[in-house]
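Asks:
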Amino acid sequence: MQDDNCEPNRPAHPGSFPTRAAGKSDQEPAGCSVDFPVSVVLPAGGTGERTGLLTPKQFCSFLDRPLISYTIQGFEVSWIQCIVVVVAKENVDLMMDIIQRFQHRKVRVVTGGSTRHRSICNGVLALDDGGEEGLPVVRPKVVIIHDAVRPFVEEDFLYKITLAAKEHGAAGAIRPLVSTVIAITSEGFLDHSLERAKYRASEMPQGFTYDVIYQAYQRCSESDLEFGTECLHLALQYCGTNAKLIQGPPTLWKVTYKRDLAAAESIIKTLSQSACVVTGASAQAVTLAEGLQKVLGMVHLSASDELSVSGRLTEPPPIMDLASTAKLRNILLYGIQLRQSK
1 MQDDNCEPNR
11 PAHPGSFPTR
21 AAGKSDQEPA
31 GCSVDFPVSV
41 VLPAGGTGER
51 TGLLTPKQFC
61 SFLDRPLISY
71 TIQGFEVSWI
81 QCIVVVVAKE
91 NVDLMMDIIQ
101 RFQHRKVRVV
111 TGGSTRHRSI
121 CNGVLALDDG
131 GEEGLPVVRP
141 KVVIIHDAVR
151 PFVEEDFLYK
161 ITLAAKEHGA
171 AGAIRPLVST
181 VIAITSEGFL
191 DHSLERAKYR
201 ASEMPQGFTY
211 DVIYQAYQRC
221 SESDLEFGTE
231 CLHLALQYCG
241 TNAKLIQGPP
251 TLWKVTYKRD
261 LAAAESIIKT
271 LSQSACVVTG
281 ASAQAVTLAE
291 GLQKVLGMVH
301 LSASDELSVS
311 GRLTEPPPIM
321 DLASTAKLRN
331 ILLYGIQLRQ
341 SK
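In case it helps, the UniProt record's numbering puts the sequence shown at residues 1 to 342.
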């Protein structure tokens, strides 16, 4: 039933595959439960200077979808109440358009500051101001901080960070060092090297109880706000909270350089599930749609720039209802050609 023009590498729902298995969308992993409010802060105010591109990397598109959209979707799970995205003032309208176009839920946009720490601080403060009309926010017990340009975070690992943060006050992901770290003299000579086995790379996500991260930003120095980058250090220095460090999966890497953009797109294609659907009232089409509900987390149907419908298959309406709203002609499922049956 696949049309000759189908593109098999196009994903039906690219953002979901690194974060949760098919059929488990918007559900807690087995054996885990969260009975306290959790919110997320995604700093996304970077300029993308290291990529050498005019477009900040968080807004670069992969398979017709911006990178930050994939990242947001990884946090759209039932136990997370709110996602605060912190962007530069000039990108607020762009971010709002992305949220609307891809129908992201529970997302709030906040204007960032002049540095990373100032932007994160703005996001943390926004979680305690009562929220916006239509998006009420209860002050969270735990705040997860994650980079907008790390799109491949897994839900199981988010749970580990969240529960550890609640227990210890702070928790963070770490990874083994790939290269030996050395110190150099002012003249450019080797001073000393670090014993690699004793050190780890600090990664994201990181989690904090709200009180710890709030107080850390209230007490930290102007120098920390201006030049610092490590949130766990603020919690330790200003609140005496020693973070629990958890070994993270290799998928936590950060899109930093131009070459990383190509790598991210390749991973998205590899992890994507593709499908071609024949829509219509026939029993065959209904059976196919019911089968897709078990393996796809979401569909995005687009007949034109003016008509675009998105929805999650775990929620009504199902794929047949979504398809019926598209025009009675060929439609697209994230770039996969669909033939509309009569």
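Don't be surprised by glycine CBs; every beta carbon is placed ideally from N, CA and C.
Predicted model, so just to flag it, every value in this text is computed and none were measured.
What does residue 345 pair with, by DSSP beta-bridge criteria?
Replies: The requested residue 345 does not occur in the structure, where the chain is confined to residues 1 to 342.
Asks: Please give me, in chain order, every unbroken run of the alpha helix (DSSP H) with length at least 4 that falls completely inside the segment 211-280.
Replies: Runs of the alpha helix (DSSP H) inside the segment 211-280: 222-227, 231-239 and 258-271.
Asks: Is it true that the segment 180-193 meets the segment 208-215, where meeting means three or more beta-carbon pairs spaced less than 8 Å apart?
Replies: Touching, no, given that fewer than three Cβ pairs across the two stretches are closer than 8 Å.
Asks: Can you list, in chain order, the stretches of the alpha helix (DSSP H) that have 4 or more residues and sit fully within the segment 101-137?
Replies: As far as the segment 101-137 is concerned, its whole alpha helix (DSSP H) runs of at least 4 residues are 116-126.
Asks: Whole angstroms are fine: how far does the CA of Ala264 sit from the CA of Thr270?
Replies: Each residue's alpha carbon lies about 10 Å from the other.
Asks: Using CA coordinates, which residue listed in Glu167, Phe227 and Tyr159 is at the minimum distance from Lys244?
Replies: Per the Cα distances, Glu167.
Asks: Using 8 Å for Cβ pairs, my map puts Ala173 next to Ile161. What's the rounded Cβ distance?
Replies: Confirmed, Cβ separation roughly 7 Å.
Asks: Leaving out the 5 sequence neighbours to the left and right, which residues in its chain are closer than 6 Å to Val34 when beta-carbon positions are compared?
Replies: So the list reads Trp79, once near-sequence residues are dropped.
Asks: Is DSSP giving Leu190 helix, strand or coil here?
Replies: Of the three classes helix, strand and coil, the one that applies to Leu190 here is strand, per DSSP.
Asks: Quick test of your reading: Lys106 and Cys82, contact by CB under 8 Å. State the CB separation rounded to the nearest angstrom.
Replies: Right, their Cβ atoms sit about 5 Å apart.
Asks: Kindly indicate which residue of Asn242, Gly248 and Gly169 has the alpha-carbon position closest to the one of Arg200.
Replies: Closest option to Arg200, Cα to Cα, is Gly248.
Asks: Using 8 Å as the threshold, is the C-beta distance between residue 346 and His117 below it?
Replies: The requested residue 346 does not occur in the structure, where the chain is confined to residues 1 to 342.
Asks: Have a look at Gln206, Pro140, Val38 and Gln58 and flag the residue whose alpha-carbon is nearest the alpha-carbon of Lys258.
Replies: Of the listed residues, the one whose Cα sits closest to Lys258 is Gln58.
Asks: Near Cys220, which residues of its chain fall below 7 Å by C-beta distance, leaving aside the five closest residues on each side in sequence?
Replies: Leu234 and Tyr238.
Asks: Buried or exposed: where does Pro176 fall if 16 or more other Cβ atoms within 10 Å of its Cβ makes it buried?
Replies: Burial call: exposed.
Asks: Can you tell me whether Val124 is buried or exposed? The criterion is at least 16 other CB atoms within 10 Å of its CB, across all chains shown.
Replies: With 16 or more other Cβ atoms within 10 Å, it is buried.
Asks: Could you spell out the range, first to last residue, of the beta strand (DSSP E) harbouring Ser202?
Replies: Unbroken beta strand (DSSP E) run through Ser202: Arg200 to Thr209.
Asks: From Lys254 to Val149, what does the alpha carbon distance come to, in whole angstroms?
Replies: If you take the alpha carbons of Lys254 and Val149, they lie about 6 Å apart.
Asks: What three-state label does DSSP hand Ala88 in the structure shown?
Replies: The answer is coil: DSSP assigns Ala88 none of H, G, I, E or B.
Asks: Is DSSP giving Gly31 helix, strand or coil here?
Replies: Per-residue confidence for Gly31 stands at a pLDDT of 45, beneath the threshold of 50, marking its modelled position as unreliable; the derived number appears in the next sentence. Reduced to three states, the DSSP call for Gly31 is coil.
Asks: Take the Cβ of Gln100 as the centre, count every other Cβ of all protein chains shown within 10 Å, and call the residue buried at 16 or more, exposed below.
Replies: Looking at its Cβ environment, which holds fewer than 16 other Cβ atoms inside 10 Å, Gln100 is exposed.
Asks: Which partner residues does Ala62 have in the DSSP bridge list?
Replies: Inspection of the sequence shows that residue 62 is occupied by Phe rather than by Ala. Paired residues: Arg65.
Asks: Considering only their Cβ atoms, is the gap separating Ile145 from Pro205 smaller than 8 Å?
Replies: Contact: yes.
Asks: With 16 other CB atoms within 10 Å as the buried threshold, where does Glu187 fall?
Replies: Result: exposed.
Asks: So, at 7 Å on beta carbons, what are the nonlocal neighbours of Ala88 in its own chain, with the 5 sequence-adjacent residues on each side left out?
Replies: So the qualifying residues of the chain are Gly45 and Gly112.
Asks: What do you reckon, are the CB atoms on Thr71 and Pro140 nearer than 8 Å?
Replies: Not in contact: Thr71 and Pro140 (Cβ atoms no closer than 8 Å).
Asks: Which residue marks the beginning of the beta strand (DSSP E) containing Ala173, and which one marks its end?
Replies: Residues Ala170 to Pro176.
Asks: Looking at the strands, I want to know which residues DSSP matches up with Ala183.
Replies: The partner list for Ala183 (beta bridge, DSSP) reads His192.
Asks: Let me know the secondary structure DSSP gives Glu306 once reduced to three states.
Replies: Low per-residue confidence applies at Glu306: pLDDT is 45, beneath 50, and the placement is therefore not dependable enough to give any value.
Asks: Can you check which of these residues, Val143, Asp224 and Gln103, is closest to Phe36 by C-alpha distance?
Replies: Ranking the options by Cα distance to Phe36, first place goes to Val143.
Asks: For Glu203, which residues in the same chain have their Cβ closer than 7 Å to its Cβ, ignoring the five residues on either side in sequence?
Replies: If we look at Glu203 and ignore the five residues flanking it on each side, its Cβ neighbours are Ala173, Ile174, Arg175, Gly248 and Leu252.
Asks: Taking the C-alpha atoms as reference points, what is the distance between Val77 and Gln103?
Replies: When rounded, the distance between both Cα atoms is 14 Å.
Asks: If distances are taken between C-alpha atoms only, which option among Pro250, Val85 and Leu236 comes closest to Val178?
Replies: Comparing Cα positions, the closest option is Pro250.
Asks: Alpha carbon to alpha carbon, how far is Glu226 from Gln218?
Replies: Looking at the two C-alpha atoms, the distance is approximately 14 Å.
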